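Here is the structure we will look at.
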Ligand code: IMP
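In this note's numbering, the protein residues as written are 713 to 1140.
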């Protein structure tokens, strides 16, 4: 296996967890490089469901090193709960998990301001997960963030926290009429976390550089998806990190020349959780049906996801910015009962046709999607194990997507179990 990055091609929740779990078998190291516990990667092993928010999805395989890279923002309380719950279920964490000491930490004030800011936004709420992700990244870029390495040094932590709280408490009181935060409470709580997390802290960039030189195979686990990327997504309705392939370098310290391949993951339809434009969203009847069949509720917040037809415009943009060499198509079985399917090939706004993703939020919000229609296959695909055994119209649907996207589909997922995956030969 080459060093490979796995990226969501839509608005997150594409089923990356399962694809990463499958590809982890051939990897030595699996590394998360952005996002935080806004992510929820679901993996089902022998009827047992695991939802991972921070720990890389490779952790369910024995003898794989799993790394949380410097680009991830970590809520220590959530991390420690996740570690405990995995340990209780028999997963070996202590010998396999490592965390970059340069990763930034989420503090209570990040979570509170995330919610207060959302409350203040009137018409333009982003619909964040409320986990403090955006405010933590904002502090990182403002150079007022606190990293794991800072937490591990009592004096540095004391000084940084005190100066941060001086400023934050004024903002909380004056702008948000919030009582602010006690230094002692946060200092004591986080010092307790420091003692427990210390054993995992390490120099991620150095370790990965040596591992790559030594021929180890690295799998980079993206969270969220391209349309939620802070640069390339539907800004401002995005997350605060780079969920695209470039984020893998920034969020781990691995050079672009040491990454060999990028694999995209897309659902056979589209979903979106939170606010923001979604041109191909279903009308209410179909929305309920697909949401129910696809169990489309957020793995992190439980919020119902909006569902819609496959949007080739946003996936083409994902291919442009990530250069997918192949695509994994997930949840094909969710479409099994539909008599007709639609694929959006372009948008129309004020007489102009947009085949490429428009940066303007006004266009995205008001455009009309242009569809082509395809007959459904109305047959159960969930037990199918080879491409040629899929119903003819399912194969035609996939082939049409390949034509429109100019990228080959190499894996098709037809259920949540590890075994429910069809490998499709792709000629290069
Ligand atoms: P934040 O990342 O919590 O700031 O939320 C910003 C936007 O990204 C909101 O619309 C969230 O619903 C969305 N989002 C964040 N993480 C995920 C994810 O893992 N899957 C899907 N949407 C997400």
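Cβ coordinates follow ideal geometry from the N, Cα and C atoms, glycine included.
As the structure is a prediction and not an experimental result, all values here were calculated from the model.
- By DSSP's assignment, residue 1064 forms a beta bridge with 1061.
- Restricting attention to 726, 851, 1050 and 812, the CA atom closest to the CA of residue 1106 is found in 1050.
- Around the beta-carbon of residue 878, fewer than 16 other beta-carbon atoms lie within 10 Å, marking it exposed.
- When beta bridges are read from the DSSP output, residue 982 appears opposite 1020.
- Per the coordinates, the alpha-carbon of residue 954 lies some 7 Å from the alpha-carbon of residue 746.
- Burial of residue 716 is indicated by the presence of at least 16 other C-beta atoms within 10 angstroms of its C-beta.
- Unbroken alpha helix (DSSP H) runs of no fewer than 4 residues, entirely contained in the region 787-841, are found at 788-800 and 820-832, following chain order.
- In the structure shown, residue 958 adopts helical secondary structure according to DSSP, grouped into three states.
- When distances are taken from the beta-carbon of residue 985 to the heavy atoms of the ligand IMP, the shortest one is below 6 Å.
- Inclusion of residue 725 in the 6 Å shell around the ligand IMP follows from its C-beta lying nearer than that to a non-hydrogen atom of the ligand.
- When the beta-carbon positions are compared, residue 786 and residue 809 stay at least 7 Å from each other.
- The beta carbon of residue 1058 lies closer than 7 Å to those of 1025, 1065, 1066, 1067 and 1082 in the same chain, with the five residues before and after it left out.
- Per DSSP, the continuous alpha helix (DSSP H) segment holding residue 996 begins and ends at 996-1005.
- Distance from the CA of residue 761 to the CA of residue 754, rounded to the nearest whole angstrom, comes to 7 Å.
- Residue pairing for residue 1123: DSSP places it in a beta bridge opposite 1040 and 1135.
- Contact between residue 963 and residue 783 holds: their C-beta atoms lie close to 2 Å from each other, under 8 Å.
- Taking 7 Å as the cut-off, the beta carbon of residue 847 is found no closer than this to the beta carbon of residue 862.
- In this structure, residue 839 lies away from residue 1017, with their beta-carbon atoms at least 7 Å apart.
- For residue 1079, the closest alpha carbon among the candidates 1023, 1033, 1131 and 771 is that of 1023.
- For residue 760, the enclosing beta strand (DSSP E) starts and ends at 760-764.
- With a cutoff of 6 Å, residue 839 counts as near the ligand IMP, since its C-beta is closer than that to a heavy atom of the ligand.
- Here residue 775 is exposed: its Cβ has fewer than 16 other Cβ atoms, across all protein chains shown, within 10 Å.
- In terms of Cβ geometry, residue 978 and residue 1044 do not form a close pair [threshold 7 Å].
- Contact between residue 769 and residue 736 holds, with the beta-carbon distance rounding to 7 Å and staying under 8 Å.
- With a threshold of 6 Å, the Cβ atom of residue 904 does not count as near the ligand IMP, since no heavy atom of the ligand is closer than that.
- In chain order, 838 place their CB closer than 7 Å to the CB of residue 948, counting only its own chain and leaving out the 5 sequence neighbours on each side.
- Taking C-beta atoms as the reference points, residue 1055 and residue 1008 fail to come closer than 7 Å.
- Sequence-distant Cβ neighbours of residue 895 in its own chain, meaning closer than 7 Å and more than five residues away, are 873, 874 and 877.
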